[in-house]
């Protein structure tokens, strides 16, 4: 018994399994929970249990939701002909924060990554194909990360939906707003040049 | 509903109440828990509940313990006449790691800090006085942090136990092993000089 208590040791071990949290931080968090009012710890435990057991995935877009349809899919003001393919709900939150997009989403739940043992069958790709087959879609927007895995996932899905003859697009890559040219990396600056935008008169 | 799900929002809010964890990290942790096997999250929740509801404090030294007496107090090989006063169990672990101390501890559970509303009555000082009164003690060692609060706590306890006429000591302060003189702060170096150690022949 490293900490003189099996209960403490068990809690620390479980907290330390979370990503980015080591044993030392886990001990600090466990001691913090012991010092705060009892209800705070019990509420945290219940919230985690409730999250894991009761949360659903939206039947249409696979986003996390309390109901069968998520708030975005259930909103009649959204453009149903636009579908933006993202990796997880954090990307949905990031795009929603821009207020630039009024269509629907499709949350894959990850990206193809053979190194981590994640193949196409682990992602919500079948439901995406089903959705594209039955609904009237004007454009599919790929909003995946610009990494090896993101590109592989985009390539795989793009190939799978080729027969549907849909208009497909991907996020523009280039210099961030406010970036200075001299500090940009070559690949980003190169993309900024090759994807340059025509100015209107 | 910020995240499209009340369950997710509740879990994120509760996780974000932990010290050093913001909303963004809390969301990352919550999504991580959703991706891992269900048992992992339920085990974490149970461990937190068990920790908060079932853990005890050692009747003698106030350290966290599963039984009435902690492993250190229950160990007959420890020197019962030495008592080291520390702030919390992390300090016990740190001192135990040195293997230099074979006495017992007394865990205060914090330090006097009027700014945080922590007074002497919030700490395990009454039980310390009771303990010093009844047991045969050869020395009391103060191992509190060298801060305003630590010094205040040490001063308060030292004054309270004055009538017992016990030998009291405090941790040596000075340069850390391996430190170079030129990089030490003035106060630490000053303490190193005034508390210099006589060399034996």
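Chains as they are written, first to last, in my numbering: chain A, 74 to 274; chain B, 74 to 274. Quick reminder that beta carbons are idealized off the backbone N, C-alpha and C, glycines included.
Top-ranked residue by Cα proximity to residue 149(A), from 124(A), 163(A) and 177(A) = For the purposes of this step, residue 149(A) is taken as the residue at position 76 of the first chain. Cα-wise, what sits closest to residue 149(A) is 177(A).
request  = Please compile the residues from chain B whose C-beta is within a distance smaller than 8 Å of the C-beta of residue 245(A).
outcome  = Here the question's residue 245(A) lines up with position 172 in the first chain. The premise fails here: residue 245(A) is roughly 25 Å from chain B at the closest Cβ pair, so nothing lies under 8 Å.
request  = Would you mind stating whether residue 121(B) and residue 106(A) have Cβ atoms separated by less than 9 Å?
outcome  = What you label residue 121(B) is simply residue 48 of the second chain in a count that begins at 1. What you label residue 106(A) is simply residue 33 of the first chain in a count that begins at 1. Yes, Cβ-Cβ distance for residue 121(B) and residue 106(A) is below 9 Å.
request  = Spatial neighbours of residue 211(B) within its chain, please: CB distance less than 7 Å, with the 5 preceding and 5 following residues excluded, ordered by chain position.
outcome  = By one-based count along the second chain, residue 211(B) stands at place 138. Once the five neighbours on either side are set aside, the close Cβ partners of residue 211(B) are 154, 155 and 240.
task = Determine the extent of the beta strand (DSSP E) in which residue 178(B) is found, giving its start and end residues.
result = Looking up residue 178(B) in the second chain gives position 105. Per DSSP, residue 178(B) belongs to the beta strand (DSSP E) from 176–180.
key: Validate contact between the segment 213–226 of chain A and the segment 159–174 of chain A using beta carbons, cut 8 Å, 3 pairs   = yes
key: Residues of the segment 80–94 of chain B with Cβ closer than 9 Å to any Cβ of chain A, in chain order   = 80, 81, 83, 84, 85, 86, 87, 88, 90, 91, 92, 93 and 94
ask   = Under three-state DSSP, which class holds residue 79(B)?
value = For the purposes of this step, residue 79(B) is taken as residue 6 along the second chain, with counting starting at 1. Helix, per DSSP.
query = Which residues in the same chain as residue 78(A) place their Cβ atom closer than 8 Å to its Cβ, once the five residues preceding and following it in sequence are excluded?
reply = What you label residue 78(A) is simply residue 5 of the first chain in a count that begins at 1. Here the set comprises nothing.
request  = State buried or exposed for residue 125(A), treating a residue as buried only when at least 16 other CB atoms are found within 10 Å of its CB.
outcome  = Counting from one through the first chain, the residue named residue 125(A) turns up at place 52. Per the 10 Å Cβ criterion, buried.
message = Closest to residue 202(A) by C-alpha separation, out of 168(A), 224(A), 234(A) and 87(A), would be which residue?
response = Residue mapping note: residue 202(A) aligns to position 129 of the first chain, counting from 1. For the residues 168(A), 224(A), 234(A) and 87(A), the minimum Cα distance to residue 202(A) belongs to 234(A).
ask   = Quick one, are the C-beta atoms of residue 195(B) and residue 180(B) less than 9 Å apart?
value = Reading the second chain from its first residue, position 122 is the one you call residue 195(B). Reading the second chain from its first residue, position 107 is the one you call residue 180(B). No; because the gap between Cβ atoms is not below 9 Å, this pair is not in contact.
key: Spatial distance of residue 220(A) from residue 269(A) (CA atoms)   = For the purposes of this step, residue 220(A) is taken as residue 147 along the first chain, with counting starting at 1. For the purposes of this step, residue 269(A) is taken as residue 196 along the first chain, with counting starting at 1. Approximately 21 Å between the Cα atoms of the pair.
C-alpha gap between residue 230(B) and residue 84(B), whole angstroms = Mapped onto the second chain, residue 230(B) falls at position 157. Mapped onto the second chain, residue 84(B) falls at position 11. Their backbone Cα atoms lie some 42 Å apart in a straight line.
ask   = So is residue 207(A) buried or exposed if we call it buried at 16+ other beta carbons inside 10 Å?
value = In the first chain, the residue the question calls residue 207(A) occupies position 134. Per the 10 Å Cβ criterion, exposed.
ask   = Does the Cβ-Cβ distance between residue 102(B) and residue 94(B) come in under 9 Å?
value = To locate residue 102(B), count along the second chain from 1; it is residue 29. To locate residue 94(B), count along the second chain from 1; it is residue 21. Yes, they are a contact pair.
message = Beta-carbon within less than 7 Å of residue 135(A)'s beta-carbon, same chain only, minus the 5 sequence neighbours each way: which residues are those?
response = Taking the first residue of the first chain as position 1, residue 135(A) is located at position 62. Cβ neighbours of residue 135(A) beyond the five flanking positions: 179, 180, 182, 197 and 200.
ask   = Residue range of the beta strand (DSSP E) that residue 155(B) falls in?
value = The residue given as residue 155(B) occupies position 82 in the second chain. Looking at the DSSP string, the run of the beta strand (DSSP E) that includes residue 155(B) is 152–159.
key: Spatial distance of residue 257(B) from residue 151(B) (CA atoms)   = Residue 257(B) sits at position 184 when you count from the first residue of the second chain. Residue 151(B) sits at position 78 when you count from the first residue of the second chain. Straight-line Cα distance between these residues: approximately 36 Å.
inquiry  = If I measure Cβ to Cβ from residue 131(A) and keep anything under 7 Å in the same chain, skipping five residues before and after, which residues do I get?
reply    = As a first step, residue 131(A) must be located in the first chain, where it is residue number 58. So the qualifying residues of the chain are 138, 142, 143 and 146.
query = Less than 8 Å between the CB of residue 131(A) and some heavy atom of the ligand SAM, yes or no?
reply = No copy of the ligand SAM occurs in the structure displayed, which carries no ligand at all.
ask   = Who are residue 212(B)'s beta bridge partners in DSSP?
value = Along the second chain, one-based indexing puts residue 212(B) at 139. Answer is 155(B), bridged to residue 212(B).
ask   = Alpha carbon to alpha carbon, what distance is there between residue 191(B) and residue 128(A)?
value = What you label residue 128(A) is simply residue 55 of the first chain in a count that begins at 1. What you label residue 191(B) is simply residue 118 of the second chain in a count that begins at 1. Their Cα atoms are separated by approximately 40 Å.
key: Closest by C-alpha distance to residue 189(B), when choosing among 222(B), 169(B), 274(B) and 245(B)   = Sequence index remark: in the second chain, residue 189(B) carries index 116 (1-based). Closest by alpha carbon: 222(B).
query = Smallest Cα separation from residue 167(A): which of 250(B), 100(B) and 264(B)?
reply = In the first chain, the residue the question calls residue 167(A) occupies position 94. Measuring from the Cα of residue 167(A), the nearest candidate turns out to be 100(B).
Through-space distance from residue 246(B) to residue 265(A), alpha-carbon basis = Mapped onto the first chain, residue 265(A) falls at position 192. Mapped onto the second chain, residue 246(B) falls at position 173. For residue 265(A) and residue 246(B), the distance between alpha carbons rounds to 58 Å.
task = Could you tell me which residues DSSP pairs with residue 243(B) in its beta bridges?
result = If you number the second chain from 1, residue 243(B) lands on position 170. Answer by DSSP bridge pairing, in chain order: 215(B).
Cross-chain neighbours of residue 162(B) in chain A, by beta carbon under 9 Å = The count along the second chain starts at 1 and reaches residue 162(B) at position 89. What residue 162(B) touches in chain A: 76, 77, 78, 81, 100 and 104.
request  = Spatial neighbours of residue 86(B) within its chain, please: CB distance less than 8 Å, with the 5 preceding and 5 following residues excluded, ordered by chain position.
outcome  = Along the second chain, one-based indexing puts residue 86(B) at 13. Excluding residues within five positions, the ones whose Cβ falls inside 8 Å are 99.
task = From the DSSP output, read off the bridge partner residues of residue 130(B).
result = Here the question's residue 130(B) lines up with position 57 in the second chain. DSSP, once it has assigned bridges, lists 137(B) as partnering residue 130(B).
request  = Determine the contact status of residue 113(A) and residue 117(B), defining contact as a CB-CB distance below 9 Å.
outcome  = The count along the first chain starts at 1 and reaches residue 113(A) at position 40. The count along the second chain starts at 1 and reaches residue 117(B) at position 44. Against a cut-off of 9 Å, the Cβ pair of residue 117(B) and residue 113(A) comes out as no contact.
ask   = residue 121(A) versus chain B: which residues are under 7 Å apart at the beta carbon?
value = As a first step, residue 121(A) must be located in the first chain, where it is residue number 48. Simply 84, 106, 114, 117 and 118.
task = Could you work out which residue in 242(B), 243(B) and 261(B) is closest to residue 250(B) when comparing CA atoms only?
result = By one-based count along the second chain, residue 250(B) stands at place 177. Closest option to residue 250(B), Cα to Cα, is 261(B).
ask   = Is residue 183(A) close to chain B, meaning its C-beta is less than 9 Å from at least one C-beta of that chain?
value = Residue numbering aside, residue 183(A) sits at position 110 when the first chain is read from its first letter. Interface residue, yes.
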